[in-house]
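A quick write-up on the structure given underneath.
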Amino acid sequence: MLSKVKILGHALHPMLIPFPIAFNTATMVCCIVYATTGNIFWFHVAFVANCAAIILSAVAMLPGLIDWLSIPSLSDAKSTGLKHMVANIFSLGFFTANAAVMFTEFDNAHPPATSHIMMTVFGFLVMLYAGFQGWSLVQTHHIGVDMNANEDVPAQEEIEENASAIFTNTAEKK
Numbered sequence: 018m019l020s021k022v023k024i025l026g027h028a029l030h031p032m033l034i035p036f037p038i039a040f041n042t043a044t045m046v047c048c049i050v051y052a053t054t055g056n057i058f059w060f061h062v063a064f065v066a067n068c069a070a071i072i073l074s075a076v077a078m079l080p081g082l083i084d085w086l087s088i089p090s091l092s093d094a095k096s097t098g099l100k101h102m103v104a105n106i107f108s109l110g111f112f113t114a115n116a117a118v119m120f121t122e123f124d125n126a127h128p129p130a131t132s133h134i135m136m137t138v139f140g141f142l143v144m145l146y147a148g149f150q151g152w153s154l155v156q157t158h159h160i161g162v163d164m165n166a167n168e169d170v171p172a173q174e175e176i177e178e179n180a181s182a183i184f185t186n187t188a189e190k191k
């Protein structure tokens, strides 16, 4: 089943999800670095990354929801998609709660770190589960995959010939 939300023929949801994943990961890492160094800079970076993750998660959710609504009911893919969506909502909840608490502590000289580490680690682990379910949608259920695409794959001999041309001894050409 092809994605319903596309840009130039490419599914939009898979293009957007690396951004919240990166910012959620950065939030967790910065919280851990803040806890180990005590440098308030890392707390502030964690807060900014957390806010970016929340905004970009919301942006990625809309095309994901539209795609999920188009999956046939009572299919395994619909069930897997629901697990993916619910896990992402829970992950977003952990990171949103973390941002709310960080906001109240933003001007503190030494905000506590333990609660932020716990919330981001829990959110990160739930995000990993959600990612596993999302990958199952692609790999197992072929959601967003054009099964009728005719890719022009060269013959093995042509690949070897091209590789030989690329990796020949370039010292002779000098």
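If you read the sequence shown in my numbering, its first letter stands for residue 18, the second for the next number, and so on. Note that beta-carbon positions come from the ideal geometry of N, C-alpha and C, so glycine has one too.
With 16 or more neighbouring CB atoms inside 10 Å of its own CB, Gln150 falls in the buried class.
Residue state for Ala28 is assigned as strand, using DSSP reduced to three classes. When C-alpha distances from Leu33 are compared across Val138, Ala77, Ile71 and Ile134, the shortest belongs to Ala77.
With respect to the C-alpha of Ile160, the residue from Leu25, Ile24 and Pro31 having the closest C-alpha is Pro31. Taking each of Ala114, Gly26 and Ala69 in turn and checking the Cα distance to Thr137, the smallest one comes out for Ala114. Note on geometry: alpha-carbon atoms of Glu122 and His101 lie some 32 Å from one another.
In the three-state DSSP reduction, Lys95 falls in the helix class (H, G or I).
Phe40 places its beta carbon less than 7 Å from that of Ala66. Taking the C-beta atoms as reference points, Ile83 is found no nearer than 7 Å to Val162. Minimum Cα-Cα distance from Phe107 among the listed residues Asp124, Asn125, Ser74 and Ser96 corresponds to Ser74.
If you draw a straight line from the Cα of Glu168 to the Cα of Tyr146, it comes to about 32 Å. If the five residues before and after His158 are omitted, its C-beta is found closer than 7 Å to the C-beta atoms of Asp93, Ala94 and Thr97, all from its own chain and listed in chain order. His133 is positioned such that its CB atom lies closer than 7 Å to that of Cys48.
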